[in-house]
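Numbering (the numbering used here), first residue to last: 2 to 362. Ideal Cβ positions, reconstructed from N, Cα and C, are used throughout, including at glycine. These notes are about the structure you will find just below.
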């Protein structure tokens, strides 16, 4: 996303991970089991990064559970439990994942909250200064919009249109347009303003058909195969164009549909969790890891590590009646099975087996 290289990052040790989780003695039994039981069987430590990965480009010092508890947090309370989804721009495209499906799946990560989709607004509805944030990306040659200016507009909408809404917790803008945060960055998946409880994220680069950028630096065998596959795909694709055959937007494989939906849910949930004040995770492979590319994003799981799970318990007000990890895992498992997320379903099923066995002992 940006060009600088950070060679100061070091993978946390076991002791640092334990310190980040903190003392669990006073936690309720259900929470303590969820963040301490079967950790080595279910959670992988944060891997040694490759050059070009998120942590090699961005300064990430990590956020312990104790540090999170010391921050000013937005906690659902009273009627203020609604997370609004604000679609921006056209979503009339066969490859766009369903906002209804995204909302349904994501809601299980936020017990005690409700998600509601607002009427769509167009970029032409944005004030002139926001539209002036439009630029053409150097690599893709496609229009991009300023995520910062969009957030500014959503703030004004909140003050002007929803100022009497006593139910709003957060508002998340979603768009099919490509976005960037600052002039020095070439793109961003999403951007959040924690203070204002507002975020924006883009579906654009979650689609495997989005124009590829050449990756630089060492890569894993899996990444090498993926890059080769994409290169062959683009090469054959362009030759077929020479025969006069235009782009097909009406058909895509079931595998692509699942991948696009999974990426969309991952980024959406990730951005909402940021609004609670939870920062990027550097301790385990986790839904809250930062991602610089789609390859890095696809290597991250659709679940929270023990440290981030404890933070979410704090973020929901430490209410055991609302935040029950076993019930949440059951709900997410059902959603994974419904949307054919096979690997994720297998993980949640295994995690539930471990936790329910301990509960019954």
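In the three-state reduction of the DSSP assignment, residue 167 falls in the coil class, being assigned neither a helical nor a strand state. In this chain, the beta strand (DSSP E) harbouring residue 117 covers 115-118.
In this structure residue 139 does not touch residue 102 by the C-beta definition: roughly 33 Å separates them, more than the 8 Å allowed. Counting every other CB atom within 10 Å of its CB across the protein chains shown gives residue 343 a total below 16, marking it as exposed. The C-alpha of residue 124 lies about 20 Å from the C-alpha of residue 99. Comparing alpha-carbon positions, the option among 348, 153, 358 lying closest to residue 43 turns out to be 348. In the structure shown, residue 349 adopts helical secondary structure according to DSSP, grouped into three states. Looking at the DSSP output, residue 172 sits in a beta bridge with 85, 199.
Annotation for residue 210: no alpha helix (DSSP H) segment contains it, and DSSP assigns it neither H nor E. The way I'd put it, the segment 150-158 doesn't touch the segment 76-85; fewer than three beta-carbon pairs between them come closer than 8 Å.
Within the DSSP bridge table, the entry for residue 137 names 144 as partners. Contact annotation: the segment 280-297 does not touch the segment 313-324, with fewer than three C-beta pairs closer than 8 Å.
Three or more Cβ pairs closer than 8 Å define a contact, and the segment 36-51 meets that threshold against the segment 301-311. In the structure shown, the three-state DSSP call for residue 179 is strand. Inclusion of residue 207 and residue 265 in the CB contact set at 7 Å is warranted, their separation being smaller than that value.
Exposure of residue 196 is indicated by the presence of fewer than 16 other C-beta atoms within 10 angstroms of its C-beta. Classified as buried, residue 352 has 16 or more neighbouring CB atoms from the shown chains inside 10 Å of its CB.
Setting aside the 5 residues that flank it on each side, residue 176 is surrounded in the same chain by 89, 90, 203, each with a C-beta closer than 6 Å to its C-beta; the list follows chain order. Exposure of residue 256 is indicated by the presence of fewer than 16 other C-beta atoms within 10 angstroms of its C-beta. For residue 198, the closest of 181, 301, 274 by C-alpha to C-alpha distance is 274. Measuring C-alpha to C-alpha distances from residue 114 to each of 39, 292, 277, 51 identifies 277 as the nearest. The distance from the Cβ of residue 10 to that of residue 50 is about 7 Å, consistent with a contact at the 8 Å cut-off. When DSSP reads this structure, residue 191 sits in a beta bridge with 202. Sixteen is the threshold: since fewer than 16 other Cβ atoms of the shown chains lie within 10 Å of the Cβ of residue 328, the residue is exposed.
DSSP lists 46 as the beta-bridge partner residues of residue 285. In this model, residue 336 and residue 56 are separated by some 31 Å (Cα to Cα). Straight-line spacing of the CA atoms in residue 359 and residue 32 works out to 12 Å. Residue range 326-339 is occupied by the alpha helix (DSSP H) that includes residue 326. Note on residue 26: under 16 other CB atoms within 10 angstroms of its CB, so exposed under the neighbour-count rule. Assignment of residue 32 by DSSP, reduced to helix, strand and coil, places it in the helix class. In the three-state scheme derived from DSSP, where H, G and I count as helix and E and B as strand, residue 76 is classed as coil. In this structure, residue 119 places its C-beta atom within 7 Å of the C-beta atom of residue 85. In this structure, the alpha-carbon of residue 268 lies about 31 Å from that of residue 30. The shortest C-alpha to C-alpha distance from residue 92 to any of 174, 39, 58, 107 is the one to 174. Assigned with DSSP and collapsed to three states, residue 151 falls in helix. Checking the DSSP bridge columns, you'll see residue 122 partnered with 89.
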